[in-house]
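Comments concern the structure below.
Protein chains in written order, with UniProt numbering: chain A, 1 to 232; chain B, 1 to 202.
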C-alpha cells in the first residue's frame with residue numbers, strides 16, 4: 001500500500017450537519033485517489049509545537065469523485081472530533097492519509113448484507129451509494145440500528161428498498177416495528193443468500209449483531225466486523 | 001510539518017511521558033478492535049504450539065502451560081488506533097520459558113504468531129525473547145474476557161497491540177519474514193509505537 005501511505009493535504013470544501021451529534025466534511029484531496037467502500041482515511045492535526053493527534057475516519061462517499069466525505073461523530077471530550085466540530089471551517093487545510101484498510105472494504109460486486117449501529121453506518125453508506133450508482137440495489141441489504149430519528153445519518157438519502165432502520169429507543173410516528181434492540185427476526189429475512197456480512201458499530205453492537213447472525217445460521221467465516229468506541 | 005489552523009491540542013503540561021507520540025490515555029476504558037467475530041474458546045480445547053525452526057516442536061494444553069513458571073508484565077499497552085493504557089497487569093508465562101523447552105535454531109530470525117481464529121501477525125525474533133513477550137491469561141487479576149483475547153493472548157507490550165495476537169494458538173519460527181493479517185492489509189511489519197510505525201512506509 002505504498003501509494004496511500006503518504007500524507008497529503010486536503011482542503012475542507014464543505015461542512016454539513018448529519019445527525020444530532022454528527023457532521024459530514026467534504027475534503028478536496030491534493031492527490032485524489034480511488035478508495036474501496038469500507039476503507040478509511042487518517043486525519044492528522046498538528047499544533048505549532050509539533051504535537052499531533054490523529055484518528056481514523058471511514059469514507060462515506062462512493063468512490064470515483066474528486067472529493068471524499070467523512071462523517072464525524074462528536075465524542076464526549078473528543079480531542080479530534082471536538083476540534084473538527086467546533087473549530088474547523090470551510091477552506092481550512094487538514095493532513096490526511098489513505099485510503100487504508102482493505103479487510104473491511106467491498107469489491108463492489110459481491111452481494112452483501114450490512115449491519116450498522118449508530119455511526120457504524122458510515123462505511124456501509126459508501127457501499128450503498130456505490131450499489132445505487134451502479135444501478136445494482138440487489139447487491140446491498142442494509143440494516144441500521146439507531147436510538148431515535150434524530151440519530152439517523154443520511155436521513156434524506158438512506159431510505160430505500162435496500163434499507164431497514166431499527167429504532168431502539170424512539171421511533172418515528174407511524175412506525176410499525178416496536179422500539180427495541182435488533183432481533184433475530186429483523187435479520188433472518190435478509191440472510192437468505194450467500195451474502196457476505198459486514199458489521200460495523202460499537203463493541204456492544206457488534207457482539208450482539210454477530211450473535212444474532214450466528215443464531216440465524218450465518219457462517220462465521222462470512223462475517224467481517226469493524227468495531228469502534230470504548231468498552232469498560 | 002503542516003500545522004493545523006487553530007489546533008493546540010489537549011492540555012499538555014500534564015502530558016504523561018509514558019505516552020508515545022500520537023497516543024492518548026484511554027483511562028479506564030479498554031477499547032476493543034478486531035476484525036473477526038469474537039470467538040468463545042473453551043480452555044479444554046485451547047492449546048499453544050511452538051513450531052517451525054525449533055529443536056523440539058511442542059504443544060501445551062491449558063493445564064500444562066499453567067504448570068510452568070509463572071511470569072507477570074506490569075505496565076503500558078499501546079494500540080495503533082492511538083489509545084494507550086497504563087498500569088496494566090498481565091499474568092501468564094514468558095515466551096523465554098517456553099523456548100527453554102523447545103530450543104530455537106540459529107537460522108530462526110522471524111516469528112509468525114497465529115490465533116485459533118486464523119488471525120496471524122509477524123514479528124522479528126528479538127521482539128519475543130529476553131523478557132519482551134508473554135502468553136497471558138489474566139489481566140488485572142481476573143481471567144481475560146473473550147473480547148480481549150481470552151482465554152489467552154500473546155502480549156508484546158512494546159509494540160502496537162495488533163502484534164499481541166488475541167486467542168493465540170502458537171508461534172512459528174521462520175528464517176524469512178512473512179506478513180500476517182494486518183500487515184498484508186497495510187499495517188507496518190514492525191509496529192514500534194515510539195517510532196509511530198503504524199502503516200507500511202512509516
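All C-beta atoms in this analysis are idealised placements derived from N, C-alpha and C, irrespective of residue type, glycine included.
Cross-strand partners of residue i (DSSP beta bridge)
i: residue 227 of chain A; result: A/201
i: residue 41 of chain A; result: A/57
i: residue 68 of chain A; result: A/27
i: residue 187 of chain B; result: B/199
i: residue 15 of chain A; result: A/25
i: residue 52 of chain A; result: A/46
i: residue 167 of chain A; result: A/146
i: residue 73 of chain A; result: A/22
i: residue 9 of chain A; result: A/95
i: residue 25 of chain B; result: B/84
Cutoff 9 Å: residue i Cβ touching any chain A Cβ
i: residue 33 of chain B; result: yes
i: residue 199 of chain B; result: yes
i: residue 160 of chain B; result: no
i: residue 5 of chain B; result: yes
i: residue 22 of chain B; result: yes
i: residue 185 of chain B; result: yes
i: residue 182 of chain B; result: yes
i: residue 191 of chain B; result: no
i: residue 10 of chain B; result: yes
i: residue 178 of chain B; result: no
i: residue 108 of chain B; result: no
i: residue 41 of chain B; result: no
C-beta neighbour in chain B for residue i, strict 9 Å
i: residue 94 of chain A; result: yes
i: residue 33 of chain A; result: no
i: residue 231 of chain A; result: Note that residue 231 of chain A scores 40 on pLDDT, short of 50, meaning its location in the model is unreliable and no value can be drawn from it.
i: residue 223 of chain A; result: yes
i: residue 228 of chain A; result: yes
i: residue 48 of chain A; result: yes
i: residue 187 of chain A; result: no
i: residue 52 of chain A; result: yes
i: residue 110 of chain A; result: no
i: residue 210 of chain A; result: yes
i: residue 180 of chain A; result: no
i: residue 55 of chain A; result: yes
i: residue 104 of chain A; result: yes
i: residue 25 of chain A; result: no
i: residue 170 of chain A; result: no
i: residue 101 of chain A; result: yes
i: residue 205 of chain A; result: no
i: residue 213 of chain A; result: yes
i: residue 216 of chain A; result: no
Between the CA atoms of residue j and residue i - distance to the nearest angstrom
i: residue 196 of chain B; j: residue 90 of chain B; result: 24 Å
i: residue 192 of chain A; j: residue 76 of chain A; result: 39 Å
i: residue 41 of chain A; j: residue 228 of chain A; result: 15 Å
i: residue 198 of chain B; j: residue 100 of chain A; result: 11 Å
i: residue 91 of chain A; j: residue 175 of chain B; result: 51 Å
i: residue 105 of chain B; j: residue 53 of chain B; result: 5 Å
i: residue 6 of chain A; j: residue 187 of chain B; result: 13 Å
i: residue 230 of chain A; j: residue 151 of chain B; result: Per-residue confidence for residue 230 of chain A stands at a pLDDT of 48, beneath the threshold of 50, marking its modelled position as unreliable; the derived number appears in the next sentence. Straight-line Cα distance between these residues: approximately 21 Å.
i: residue 37 of chain A; j: residue 10 of chain A; result: 19 Å
i: residue 50 of chain B; j: residue 56 of chain B; result: 9 Å
i: residue 204 of chain A; j: residue 103 of chain B; result: 42 Å
i: residue 97 of chain B; j: residue 136 of chain B; result: 13 Å
i: residue 107 of chain A; j: residue 69 of chain B; result: 48 Å
i: residue 153 of chain A; j: residue 107 of chain B; result: 55 Å
i: residue 122 of chain A; j: residue 59 of chain A; result: 7 Å
i: residue 141 of chain A; j: residue 172 of chain B; result: 40 Å
i: residue 10 of chain B; j: residue 27 of chain A; result: 24 Å
i: residue 182 of chain A; j: residue 119 of chain A; result: 16 Å
i: residue 2 of chain B; j: residue 31 of chain B; result: 29 Å
i: residue 154 of chain B; j: residue 25 of chain B; result: 22 Å
i: residue 46 of chain B; j: residue 5 of chain B; result: 52 Å
i: residue 131 of chain A; j: residue 96 of chain A; result: 26 Å
Residue i: CB within 8 Å of a non-hydrogen atom of the ligand GTP
i: residue 85 of chain B; result: Summarising the ligand content, the structure contains no ligands, and the ligand GTP is consequently not present.
Contacts that residue i makes with chain C (C-beta to C-beta distance below 9 Å)
i: residue 2 of chain B; result: No chain C appears in the structure shown, which is made up of the protein chains A and B.
Could you name each continuous beta strand (DSSP E) segment of 3 residues or more that falls completely within the segment 88-150 of chain A, going from the start of the chain to the end?
Listed in chain order, the complete beta strand (DSSP E) runs (minimum 3 residues) inside the segment 88-150 of chain A are 93-100, 112-117, 140-146.
Hey, is the segment 16-34 of chain A in contact with the segment 69-79 of chain A, meaning 3+ C-beta pairs nearer than 8 Å?
With a cut-off of 8 Å, the segment 69-79 of chain A and the segment 16-34 of chain A count as touching, because enough Cβ pairs lie within range.
Scan the UniProt domain "Oxidoreductase molybdopterin-binding" (37-182) of chain B and note each continuous beta strand (DSSP E) run of 3 residues or more that stays entirely inside, going in chain order.
Within the UniProt domain "Oxidoreductase molybdopterin-binding" (37-182) of chain B, the complete beta strand (DSSP E) runs of at least 3 residues are 47-52, 58-61, 71-78, 83-94, 110-115, 120-124, 134-139, 153-155, 168-174.
Evaluate the contact criterion for the segment 105-119 of chain B versus the segment 156-169 of chain A: three or more CB pairs, one atom per stretch, below 8 Å.
no
With three or more beta-carbon pairs closer than 8 Å as the criterion, would you say the segment 46-59 of chain A touches the segment 80-92 of chain A?
yes
Does the count of Cβ pairs from the segment 181-194 of chain B and the segment 54-69 of chain B closer than 8 Å reach three?
no
Inter-stretch contact at 8 Å, needing at least 3 Cβ pairs: the segment 166-181 of chain B / the segment 113-124 of chain B
yes
Take every Cβ of the segment 140-148 of chain B, pair it with every Cβ of the segment 124-131 of chain B, and state whether three or more of those distances are shorter than 8 Å.
no
On the three-pair Cβ rule with 8 Å, is the segment 28-46 of chain B touching the segment 207-216 of chain A?
yes
For the structure I just gave you, are there three or more beta carbon pairs, one from the segment 68-82 of chain B and one from the segment 149-167 of chain B, closer than 8 Å?
Touching, yes.
Counting Cβ pairs, one atom from each stretch, are 3 or more of them under 8 Å apart for the segment 202-210 of chain A and the segment 114-123 of chain A?
yes
Cβ contact check for the segment 15-27 of chain B and the segment 218-227 of chain A: 3 or more pairs under 8 Å
With a cut-off of 8 Å, the segment 218-227 of chain A and the segment 15-27 of chain B do not count as touching, because too few Cβ pairs lie within range.
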